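Protein chains in written order, with the numbering used here: chain A, 2 to 186; chain H, 2 to 186.
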């Protein structure tokens with residue numbers, strides 16, 4: 002029962018947001034009785050913490066650490082495929098980390114901390130690729146790699162959010178062109 | 002009554018999100034009876050459309066079009082003061098456009114369109130400053146000004162979202178350093 006709830010919750014949270022998802026929505030999506038929810042989770046926040054953790058684990062971050070091929074094309078491929086894969090699986094509902102960054106209320110401190118930690122894990126993986134690119138002489142900007150990685154991910158999340166609200170996925174293509182044609186040179 | 006509801010709704014939407022704000026929350030914040038809400042608005046979405054429109058009108062965009070002083074410092078000042086002013090007025094709840102970009106469900110098409118239009122108005126104002134900077138010889142990147150403006154605003158929104166979820170406002174300072182020290186040169 003627990004894994005059925007977890008397996009179906011990502012879609013619910015993406016479609017309805019953290020605030021808009023009720024326990025009823027979550028058990029309906031899993032096809033389990035409402036009473037069983039509280040056998041496994043103290044509440045919606047605990048489930049969302051687990052979903053956030055999985056989102057990052059399934060995010061392909063390890064691929065960024067693999068020193069094979071040119072690092073900047075590998076970073077671009079990582080970001081493009083992350084966006085494409087989640088779009089194919091869940092539709093135009095954006096990134097869970099981005100949605101939760103703006104949409105989790107202050108009283109859910111554990112969930113906010115998990116989202117922030119997920120962004121930092123992602124930052125570390127992007128920073129590793131940027132540091133490798135610098136070593137290889139492919140990146141000339143001398144900004145600290147972690148600061149630059151955060152900059153890249155903040156823009157990526159912002160572009161996904163704009164694509165979501167405008168329904169225009171071309172904004173993401175433009176974002177890639179500027180990131181890899183202007184910023185990371 | 003209508004203006005009392007509108008005047009108090011921004012804070013409610015920022016603190017609780019679109020999905021997390023009930024009509025009851027909105028009338029409580031205004032100190033008016035619940036029944037009066039529907040005399041003025043068909044529902045929560047219509048009120049949120051009006052709040053979004055006002056957010057942009059009050060956003061100081063006209064200052065970006067005033068050709069006085071160096072355009073890039075004027076753009077930086079616009080963005081820094083937008084963030085600081087809203088933080089001072091509403092607290093660490095982020096930007097209404099950013100929060101609504103990720104947090105408005107697909108069925109609220111009018112509100113999504115209003116948010117997207119607000120981002121485009123802001124884009125146009127930032128693009129005007131960037132075009133002026135290019136004319137003045139202060140900006141050498143040859144990316145289309147509107148594409149570059151969207152890139153800047155997407156990053157700004159992403160950095161604000163990260164600052165919100167992490168509770169770390171320093172990420173915004175780093176974002177400014179990269180934008181004006183590395184990207185817009």
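For every residue, glycine included, the Cβ atom is placed at its ideal position computed from N, Cα and C. Just so you know, these numbers come straight off a predicted model, no measurement behind them.
Member of the options whose CA lies at the smallest distance from the CA of residue i
{"i": "residue 137(H)", "options": "72(H), 170(H), 64(H)", "result": "72(H)"}
{"i": "residue 22(A)", "options": "30(A), 13(A), 29(A)", "result": "13(A)"}
{"i": "residue 3(A)", "options": "76(A), 146(A), 47(A)", "result": "47(A)"}
{"i": "residue 58(H)", "options": "169(H), 120(H), 152(H), 154(H)", "result": "120(H)"}
{"i": "residue 168(A)", "options": "92(A), 28(A), 68(A)", "result": "92(A)"}
{"i": "residue 16(A)", "options": "87(A), 129(A), 125(A)", "result": "87(A)"}
{"i": "residue 165(A)", "options": "102(H), 24(H), 68(H)", "result": "102(H)"}
{"i": "residue 183(H)", "options": "108(A), 144(A), 49(A), 44(A)", "result": "144(A)"}
{"i": "residue 76(A)", "options": "107(A), 114(A), 9(A), 134(A)", "result": "134(A)"}
{"i": "residue 19(H)", "options": "171(H), 159(H), 178(H), 107(H)", "result": "107(H)"}
{"i": "residue 74(A)", "options": "127(A), 89(A), 142(A)", "result": "127(A)"}
{"i": "residue 30(H)", "options": "6(H), 36(H), 41(H)", "result": "6(H)"}
{"i": "residue 185(A)", "options": "70(H), 142(H), 159(H)", "result": "142(H)"}
{"i": "residue 109(H)", "options": "44(H), 159(H), 158(H)", "result": "44(H)"}
Continuous alpha helix (DSSP H) stretch holding residue i: start and end
{"i": "residue 74(H)", "result": "72-91"}
{"i": "residue 5(A)", "result": "3-21"}
{"i": "residue 32(H)", "result": "Premise fails: residue 32(H) is in no alpha helix (DSSP H) and is neither H nor E."}
{"i": "residue 59(H)", "result": "Unbroken run through residue 59(H): none, as it is neither H nor E."}
{"i": "residue 111(H)", "result": "110-136"}
{"i": "residue 103(A)", "result": "97-104"}
{"i": "residue 178(H)", "result": "171-179"}
{"i": "residue 189(A)", "result": "Nothing can be reported for residue 189(A), as the shown portion of chain A is limited to 2 through 186."}
Residues of its chain near residue i, where Cβ-Cβ distance is below 7 Å and the 5 sequence neighbours each way are ignored
{"i": "residue 161(H)", "result": "84, 95, 96, 99, 173"}
{"i": "residue 79(H)", "result": "61, 64, 65"}
{"i": "residue 131(A)", "result": "140, 146, 149, 150"}
{"i": "residue 180(A)", "result": "153, 156"}
{"i": "residue 115(A)", "result": "50, 53, 54"}
{"i": "residue 111(H)", "result": "46, 50"}
{"i": "residue 105(A)", "result": "19, 112, 113, 116"}
{"i": "residue 163(H)", "result": "172"}
{"i": "residue 129(A)", "result": "65, 66"}
{"i": "residue 41(H)", "result": "2, 3, 6"}
{"i": "residue 33(A)", "result": "2, 5, 6"}
{"i": "residue 175(A)", "result": "none"}
{"i": "residue 177(H)", "result": "77, 81"}
Sequence-distant residues of its chain with Cβ nearer than 6 Å to residue i (five each side left out)
{"i": "residue 11(A)", "result": "52"}
{"i": "residue 38(H)", "result": "24, 28"}
{"i": "residue 170(H)", "result": "164"}
Cβ shell of residue i (< 8 Å), same chain only, five flanking positions each side left out
{"i": "residue 122(A)", "result": "57, 62"}
{"i": "residue 68(H)", "result": "133"}
{"i": "residue 124(A)", "result": "147, 150, 151, 154"}
{"i": "residue 8(H)", "result": "31"}
{"i": "residue 1(H)", "result": "No answer is possible for residue 1(H): the residues shown for chain H start at 2 and end at 186."}
{"i": "residue 89(H)", "result": "none"}
{"i": "residue 158(A)", "result": "96, 98, 99, 102"}
{"i": "residue 35(A)", "result": "24, 25, 28"}
Within-8 Å CB hit, residue i to chain B
{"i": "residue 7(A)", "result": "Included in the structure are the protein chains A and H, with no chain B among them."}
- Task: Please name the residues in the segment 158-184 of chain H whose beta-carbon is closer than 7 Å to at least one beta-carbon of chain A, in chain order.
- Result: So the close ones are 158, 159, 160, 162, 163, 165, 166, 167, 172, 175, 176, 179, 183, 184.
- Would you list, in chain order, the members of the segment 129-162 of chain A that have their beta-carbon closer than 8 Å to a beta-carbon of chain H? Listed in sequence order: 142, 144, 148, 149, 151, 152, 154, 155, 156, 157, 158, 159, 160, 162.
- Task: Quick one: which residues of the segment 15-36 of chain H get their C-beta closer than 7 Å to a C-beta of chain A? List them in chain order.
- Result: Correct list: 17, 18, 20, 21.
- Residues of the segment 94-106 of chain A whose Cβ lies closer than 9 Å to any Cβ of chain H, in chain order: Hits within the stretch, in order: 94, 95, 96, 98, 99, 100, 101, 102, 103, 104, 105, 106.
- Task: May I ask you to list, following chain order, the residues of the segment 68-94 of chain H that have a beta carbon less than 7 Å from some beta carbon of chain A?
- Result: Within the segment 68-94 of chain H, no residue has a Cβ lying closer than 7 Å to any Cβ of chain A.
- Between the segment 112-131 of chain H and chain A, which residues of the former have a C-beta closer than 7 Å to a C-beta of the latter? Going along the segment 112-131 of chain H in chain order, one finds 113, 116, 117, 120 with a Cβ nearer than 7 Å to chain A.
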